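Structure, as structure tokens:
Numbering (this note's numbering), first residue to last: 5 to 73.
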């Protein structure tokens with residue numbers, strides 16, 4: 005039983021380490037994109053948040069439509 009717990013704990017630590025590495029790589033990439041061309045980076049992120057807002061608005065409207073039916 006202790007062996008299983010140790011293996012599970014090791015897997016959790018490996019997963020956490022991999023996740024940290026992925027986040028660090030993502031942040032480094034985003035940082036490089038920003039400093040390469042700040043205006044293009046802002047346009048890209050603004051476009052992303054506009055899409056997120058549109059999807060949220062559509063979900064809200066669909067929810068209202070379903071609740072009123």
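Backbone N, C-alpha and C fix where the C-beta goes; we use that ideal spot for every residue, glycine too.
This one's a predicted model, so the numbers in the text were calculated from it and none came from an experiment.
Residue i versus residue j: straight-line alpha-carbon distance, rounded
i          : j          : result
residue 11 : residue 29 : 27 Å
residue 43 : residue 56 : 20 Å
residue 50 : residue 22 : 29 Å
residue 73 : residue 67 : 10 Å
residue 35 : residue 65 : 36 Å
residue 6  : residue 32 : 39 Å
residue 24 : residue 47 : 27 Å
Cβ-based neighbour list, residue i, same chain, cut-off 7 Å, excluding 5 preceding and 5 following
i          : result
residue 38 : 45
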